[in-house]
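Trainee:
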Amino acid sequence: MKPAISTSLFWKGAFAIDGCFNDIAGAGFKFIELDAHNIFGHLSPGFIEKTVAALQDSGLLIASVHMPYLYPISSPSKSARASAVKSFARTLDSVIVKAERLCLRPLKLIFHPGVSVEKISYAEQKNSLRYGVKEIGNLFANDGRFEIAFENMLSSHFASTADDLKYIAELAKADINIKTGICFDSCHAAYDNLPHEFLSSIYTQVICSHLSDNYNQPDGEFHAIPMSVIHSKIDWKTIMGLLSESAEIFTLELSKPHAISHAAYLKMAKISADELTGFVSGRAGLKFTAF
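Under this note's numbering, residues 18 to 308 are what the sequence shown spells out, in order.
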C-alpha cells in the first residue's frame with residue numbers, strides 16, 4: 018500500500034494552501050487527499066490557478082478529494098440538499114476539472130453522509146438520505162472518472178455504525194451508477210468501538226481511508242499521528258491487513274498541535290506512514306531519523 022496525507026492538516030491556512038504542497042513533498046509523500054471543504058470559500062479563479070500550479074510544481078498527485086460538507090445530504094430540507102449538490106458541482110467544475118491531469122483515476126470522492134443527531138434526528142436523516150444519495154447519483158451519472166465513498170461518522174452522528182453504513186451502501190447501489198464504497202475513519206470509529214473490529218465488519222466495502230488515532234480520548238475529534246509504540250486501543254497491524262485487501266492507498270488525516278511546525282509534523286507523519294506500510298510489506302517497526 019502507498020500512503021497519502023490530507024491537506025486538512027493546513028485547514029487554518031486554507032487561503033494559502035498552495036504553500037503546503039512543497040512541504041508535503043519534502044517530507045516524502047507522493048499522494049494527497051485534497052480537502053475541498055476548507056478551501057471552498059476561497060474558490061476564485063486566481064486561487065485555483067495558483068493552487069493547481071503549485072501542486073504541479075510539487076510533483077504530488079491527488080488520490081482523493083474530501084468533498085464539502087457545508088450542507089447535509091441527509092437533511093429533510095430539499096433546499097439544503099440542493100445547496101449541498103451545488104457545492105459538489107462547483108468543486109468539480111472549479112477545482113477537480115482544472116487539476117484533472119494531476120488526479121489518479123478513478124479519483125475517490127469522499128462524502129459525509131450524516132450530521133449530529135442533535136441537529137437533525139436519526140430517523141429524519143435515515144429517511145432523507147435516500148434523496149441525497151439519489152441526487153448525488155444524478156450529478157455524477159455514469160462518469161467513470163470517479164468513485165464515491167461515504168465516511169463513517171462520529172457516534173453522535175447518523176452513519177456511525179456498521180448497520181448504518183450497510184444501509185447507505187444499499188441506497189448507493191440502487192441510485193448511483195458509478196462505483197461506491199466506504200471511507201473508513203479510524204478516529205471516528207475509536208470513540209465507541211475497537212476500530213479493527215469495526216473495520217472487520219465493513220472492510221469488503223472500503224475503498225479508501227482516513228487514518229489517525231484519538232489515543233483513548235473520550236470525545237471530540239482528536240486526529241493524532243498513529244504510532245504502534247504508543248498505547249492505544251487500535252490494532253494497526255490488523256487495520257492495515259484488512260485495508261490492503263480492498264484499497265491501494267491509505268490516507269493520514271491529521272490535526273496538528275499549534276506548537277509544532279508543519280515541516281516537523283509532516284516528517285513525523287511520514288515516519289508513521291512508513292511504519293503502517295511496513296505492516297503489509299513485512300517491514301514493520303519504526304525507524305527514527307533526525308529532522
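Backbone N, C-alpha and C fix where the C-beta goes; we use that ideal spot for every residue, glycine too.
Pull up the CB-CB distance for F201 and S177, whole angstroms please, since I reckon it's below 8 Å.
Mentor: 12 Å between Cβ atoms; not a contact.
Trainee: With DSSP as the reference, identify every bridge partner of F201, one or two as the case may be.
Mentor: The partner list for F201 (beta bridge, DSSP) reads S226.
Trainee: Out of curiosity, what's the CA-to-CA distance linking G295 and F267?
Mentor: Looking at the two C-alpha atoms, the distance is approximately 13 Å.
Trainee: What's the C-alpha gap between K312 and L228?
Mentor: The structure shown does not extend to residue 312, since the chain spans only 18 to 308, so no value can be given for it.
Trainee: Where DSSP assigns a beta bridge to F48, which residues make up the other side?
Mentor: In the DSSP output, where bridge partners are listed per residue, F48 has A21, L78.
Trainee: Roughly how many angstroms separate the alpha carbons of I22 and A140, rounded to a whole number?
Mentor: Approximately 34 Å between the Cα atoms of the pair.
Trainee: How many angstroms separate the CA atom of I165 from the CA atom of Q222?
Mentor: Rounded to the nearest angstrom, the two C-alpha atoms are 12 Å apart.
Trainee: Give the secondary structure of K125 by DSSP, where H, G and I count as helix, E and B as strand, and everything else as coil.
Mentor: The answer is strand: DSSP assigns K125 an E or B state.
Trainee: Taking the continuous beta strand (DSSP E) assigned at F239, which residues delimit it?
Mentor: Segment: none, F239 is in no beta strand (DSSP E) and carries neither H nor E.
Trainee: Inspect the beta-carbon positions of A106 and L77 and report whether they are closer than 8 Å.
Mentor: Result no, Cβ atoms of A106 and L77 do not sit closer than 8 Å.
Trainee: Between the region 52-63 and the region 89-100, can you find at least three pairs of beta-carbon atoms closer than 8 Å?
Mentor: No, the region 89-100 is not in contact with the region 52-63.
Trainee: How is the beta strand (DSSP E) around F267 delimited, first residue to last?
Mentor: Start and end: 266-269.
Trainee: In the DSSP output, which residue or residues are listed as bridge partners for F163?
Mentor: F163 pairs with L124.
Trainee: Along the alpha helix (DSSP H) that carries T294, what are the first and last residues, could you check?
Mentor: Unbroken alpha helix (DSSP H) run through T294: 279-296.
Trainee: Please report how far the alpha carbon of S100 lies from the alpha carbon of Y88, in whole angstroms.
Mentor: When rounded, the distance between both Cα atoms is 6 Å.
Trainee: Between G131, K151, H275, A241, which lies nearest to I195 when the distance is taken from Cα to Cα?
Mentor: Among G131, K151, H275, A241, the Cα nearest to that of I195 belongs to K151.
Trainee: Please classify L303 as buried or exposed, where buried requires at least 16 other C-beta atoms within 10 Å of its C-beta.
Mentor: Legend: pLDDT at L303 = 41, less than 50; position of this residue unreliable, value from coordinates given subsequently. With fewer than 16 Cβ atoms within 10 Å of its Cβ, L303 is classed as exposed.
Trainee: Which value, in whole angstroms, describes the spacing of the CA atoms of E292 and K190?
Mentor: C-alpha separation (whole angstroms): 35 Å.
Trainee: Could you check if Y139 belongs to the surroundings of the ligand ADP, using beta carbon to heavy atom distance under 7 Å?
Mentor: Among the ligands in the structure shown, none appear at all, so the ligand ADP cannot be discussed.
Trainee: According to DSSP, simplified to helix, strand and coil, what is E168?
Mentor: Residue state, collapsed to three classes: strand.
Trainee: In this structure, how does DSSP classify H59 when only helix, strand and coil are distinguished?
Mentor: Looking at H59 - three-state DSSP - the assignment turns out to be helix.
Trainee: According to DSSP, is H174 part of a helix, a strand, or is it coil?
Mentor: Note: H174 maps to strand in three-state DSSP.
Trainee: How about A71 and F38: are their beta carbons less than 8 Å apart?
Mentor: Going by C-beta atoms, A71 is nearer than 8 Å to F38.
Trainee: Look at the alpha carbon of Y148 and the alpha carbon of N159, and state the distance between them as a whole number of angstroms.
Mentor: Computed Cα separation, rounded: 18 Å.
Trainee: Three Cβ pairs or more, each shorter than 8 Å: is that satisfied between the region 269-280 and the region 247-256?
Mentor: Flag = no, the region 269-280 and the region 247-256 do not touch.
Trainee: Look at the alpha carbon of K67 and the alpha carbon of A53, and state the distance between them as a whole number of angstroms.
Mentor: Approximately 15 Å, taken between the alpha carbons.
Trainee: Classify K125 as buried or exposed, calling it buried when 16 or more other Cβ atoms lie within 10 Å of its own Cβ.
Mentor: Buried: at least 16 other Cβ atoms inside 10 Å.
Trainee: Below 6 Å CB to CB, which residues in the same chain sit around G45 once its five sequence neighbours on both sides are set aside?
Mentor: So the qualifying residues of the chain are K287.
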